[in-house]
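S.K.: For reference, the structure I am asking about is given below.
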Amino acid sequence: GEDVEQSLFLSVREGDSSVINCTYTDSSSTYLYWYKQEPGAGLQLLTYIFSNMDMKQDQRLTVLLNKKDKHLSLRIADTQTGDSAIYFCAPMGSSASKIIFGSGTRLSIRP
Amino acid sequence: DTGVSQDPRHKITKRGQNVTFRCDPISEHNRLYWYRQTLGQGPEFLTYFQNEAQLEKSRLLSDRFSAERPKGSFSTLEIQRTEQGDSAMYLCASSLPTGTGSYEQYFGPGTRLTVT
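What follows is the structure, encoded as structure tokens:
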């Protein structure tokens with residue numbers, strides 16, 4: 001079945017870059033999303049990439065896609081305390097219906 | 001644009017009772033989705049509607065669960081004879097196809113269900 005894997009935790013120093021990695025199994029994924037979830041809050045759509053692209057930049061966020069290896073990453077430049085949250089990698093299948101979420105990566109920021 | 005809203009935000013019920021949750025999508029969004037999220041996990045897809053038609057249901061959605069979207073606007077999710085394993089956050093999302101066909105899903109704040 002469809003599966004999404006992410007490392008559970010990442011700790012970075014304030015001002016450094018954060019890189020969150022994800023691997024997925026559904027090769028028919030058309031759009032691949034990144035969501036952010038802060039404690040007690042809903043899911044916030046951060047950015048996404050279309051499967052025929054290999055990179056997308058959106059202000060401090062850079063998404064890299066290696067479609068051959070089914071590997072997706074999210075880089076956050078100049079990480080700030082407000083970036084502390086759980087980040088979910090979420091590919092959408094070719095039917096454009098459900099999104100498959102990973103277990104999320106909890107990003108914590110050290111001063 | 002007020003975003004996706006869900007009601008109630010919290011529900012505590014006793015095992016065996018029925019509960020119903022409501023979701024109001026972003027206006028003019030023709031797709032509406034339900035997900036369930038348990039502690040420490042990502043959301044799991046339950047079902048989705050395009051307008052009033054329910055187009056896909058997950059195997060997670062047992063016979064005790066039913067969802068409706070009668071007029072293609074708000075949706076309800078009912079759980080009958082609740083079990084402790086139903087305790088979770090129930091999330092609703094809505095989307096509208098963009099010019100690129102991306103169907104970006106926007107989530108509501110969720111309804112937290114606790115079954116005692």
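Sequences listed follow chains V and R, in order. Heads up, the first sequence is in the working numbering, so the first residue is 1 and it goes up one at a time. Heads up, the second sequence is in the working numbering, so the first residue is 1 and it goes up one at a time. Where a beta carbon is used, it is the ideal one built from N, C-alpha and C, also for glycine.
1) Is the distance from the Cβ of Ser18/V to the Cβ of Ile86/V below 8 Å?
2) Which value, in whole angstroms, describes the spacing of the CA atoms of Gln80/V and Gly15/V?
3) Can you pull out the residues from the segment 12-31 of chain V whose beta carbon lies closer than 9 Å to at least one beta carbon of chain R?
4) Name, please, each residue of chain R whose Cβ falls closer than 8 Å to the Cβ of Lys56/V.
5) 8 Å is my cut-off, CB to CB: does Met92/V come that close to chain R?
6) In angstroms with no decimal places, state the Cα-to-Cα distance between Phe49/R and Leu64/V.
7) Run the CB neighbour count on Ile109/V, radius 10 Å, all protein chains shown included, and call it buried at 16 or more, exposed below.
8) Look up Pro8/R in the DSSP assignment and give the residues it is bridged to.
9) For Leu39/R, does the count of other Cβ atoms within 10 angstroms reach 16, so buried, or fall short, so exposed?
10) How should Ile20/V be labelled, buried or exposed, when 16 other C-beta atoms within 10 angstroms of its C-beta is the threshold for buried?
11) Would you say the beta carbon of Ala85/V comes nearer than 7 Å to a heavy atom of the ligand GTP?
12) Report the residues of the segment 102-115 of chain R with a CB closer than 8 Å to any CB of chain V, ordered along the chain.
13) Once the 5 residues before and after Asn51/R are set aside, which same chain residues still bring their CB inside 6 Å of it?
14) In chain V, what lies closer than 8 Å to Tyr48/R by C-beta?
15) Using a C-beta cutoff of 8 Å, does Tyr87/V count as contacting chain R?
16) Once the 5 residues before and after Arg9/R are set aside, which same chain residues still bring their CB inside 8 Å of it?
17) With 7 Å as the limit, tell me which residues of the segment 5-26 of chain R have their beta carbon closer than that to any beta carbon of chain V; keep them in chain order.
18) Helix, strand or coil for Asp117/V? Go by DSSP, reduced to three states.
19) When Cβ atoms are compared, which residues of the segment 38-64 of chain R fall closer than 8 Å to chain V?
M.R.: Judging by the given coordinates:
1) Locating residue 18/V in the first sequence gives position 18, where the first residue counts as 1. Locating residue 86/V in the first sequence gives position 86, where the first residue counts as 1. No, the Cβ-Cβ distance between Ser18/V and Ile86/V is not below 8 Å.
2) The residue you call residue 80/V lines up with position 80 of the first sequence. The residue you call residue 15/V lines up with position 15 of the first sequence. Roughly 6 Å between the two C-alpha positions.
3) Thr30 and Tyr31
4) Working through the first sequence from its first residue, we reach residue 56/V at position 56. Chain R residues near Lys56/V: none, gap ~12 Å exceeds 8 Å.
5) For the purposes of this step, residue 92/V is identified with residue 92 of the first sequence, where counting begins at 1. Cβ-Cβ to chain R under 8 Å: yes for Met92/V.
6) Translated into the one-based positions of the second sequence, residue 49/R becomes position 49. Translated into the one-based positions of the first sequence, residue 64/V becomes position 64. The alpha-carbon atoms of Phe49/R and Leu64/V are separated by roughly 31 Å.
7) The residue you call residue 109/V lines up with position 109 of the first sequence. Buried is the call here.
8) Residue 8/R sits at position 8 when you count from the first residue of the second sequence. DSSP output for Pro8/R lists no bridge partner at all.
9) For the purposes of this step, residue 39/R is taken as residue 39 along the second sequence, with counting starting at 1. Exposed.
10) Along the first sequence, one-based indexing puts residue 20/V at 20. Looking at its Cβ environment, which holds 16 or more other Cβ atoms inside 10 Å, Ile20/V is buried.
11) What this structure holds is no ligand at all, so the ligand GTP is not there to describe.
12) Ser102, Tyr103, Glu104, Gln105, Tyr106, Phe107, Gly108, Pro109 and Gly110
13) The residue labelled residue 51/R in the question sits at position 51 within the second sequence. Counting only Cβ-Cβ distances below 6 Å, and skipping sequence neighbours, we find Asn30 and Gly72.
14) The residue labelled residue 48/R in the question sits at position 48 within the second sequence. Here the neighbours are Ser97 and Lys98.
15) Sequence index remark: in the first sequence, residue 87/V carries index 87 (1-based). Not one chain R Cβ lies under 8 Å of Tyr87/V.
16) The sequence position of residue 9/R within the second sequence is 9, counting from 1. Residues of the same chain with a CB within less than 8 Å of the CB of Arg9/R, apart from the 5 flanking positions on each side, are Pro109, Gly110, Thr111 and Arg112 in chain order.
17) none
18) Residue coverage of chain V in this structure runs from 1 to 111, which leaves residue 117/V outside it and unanswerable.
19) Gly40, Gln41, Gly42, Pro43, Glu44, Phe45, Tyr48, Leu55, Glu56 and Ser58
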